[in-house]
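Peer 1: 230 is the number of the first residue of the sequence shown in our numbering; add one for each residue after it. Every residue, glycine too, gets a C-beta built ideally from N, C-alpha and C.
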Amino acid sequence: GINAEYMGAKKWKLRGRLWNLFVCLSLQGVFLFLFNTSTSLGQSVPLLLLFSLFNQMSCGAIYGLVPFVDPEVTGSISGIVGAGGNMGAILFNLFFNLDYYHAFNYIAAIILSTSILSHLLYWKRHGSSFCPAAVEIDPKNAEILND
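So, in structure tokens, the structure goes:
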């Protein structure tokens, strides 16, 4: 959450938050894959700690985007995001009906794919990772100047 706030400061705004989400998710997936391929306890523990760190940072990055979705119903959207996280945990748990090696690889692949898909997020008022906003906003009263 702190990193999302820093990246979303006045300089980068939503674009910084989206790049923060991409980086956190990418590193989360990479460290999970590396953890899965580690062969000793000395390798596994630091990789698991790094995976966990970036997992928590990704959650904070997601919640850093919530106010941009629809500022009038931020609480409802935050609840939906939380429920989506719980649903994801249940679905990922189904992968463990397979052997652990394949389960972790599938989850890492899904995380990395999701990080790439984060570049497709676009807000008309704020833009996206690569595109500027489609409308100009009056900074004094937050009204759209051109639509």
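1) When you compare the region 240-249 with the region 323-340, are there three or more beta-carbon pairs, one atom per stretch, that lie closer than 8 Å?
2) Could you tell me if Cys360 is buried or exposed, where buried requires 16 or more neighbouring beta carbons within 10 angstroms of its beta carbon?
3) At what residues does the alpha helix (DSSP H) containing Gly311 begin and finish?
4) Which residue wins for smallest C-alpha separation from Ala290, given the options Phe262, Arg354, Phe251, Ser358?
5) Give me the residue from Leu277, Ile309, Thr268 with the minimum Cα distance to Val295.
6) Taking a contact to mean a Cβ-Cβ separation below 8 Å, would you say Phe297 touches Trp352 in this structure?
7) Please report the Cβ distance between Leu261 and Ile336, rounded to the nearest whole angstrom; I am assuming they are in contact, meaning their Cβ atoms lie under 8 Å.
8) Determine the extent of the alpha helix (DSSP H) in which Thr266 is found, giving its start and end residues.
9) Under 7 Å: does the beta carbon of Leu279 sit that close to some heavy atom of the ligand COA?
Peer 2: Based on what the coordinates show:
1) With fewer than three CB-CB distances shorter than 8 Å, the region 240-249 does not count as touching the region 323-340.
2) By the neighbour-count criterion, in which 16 or more other beta carbons inside 10 Å mark a residue as buried, Cys360 falls on the exposed side.
3) Where Gly311 is concerned, the enclosing alpha helix (DSSP H) stretches over 303-324.
4) The shortest C-alpha separation from Ala290 is found at Phe251.
5) Ranking the options by Cα distance to Val295, first place goes to Ile309.
6) Contact: yes.
7) About 6 Å; that satisfies the 8 Å criterion.
8) Where Thr266 is concerned, the enclosing alpha helix (DSSP H) starts and stops at 242-266.
9) Annotation note on the ligand COA: not contained in the displayed structure, which lists no ligands.
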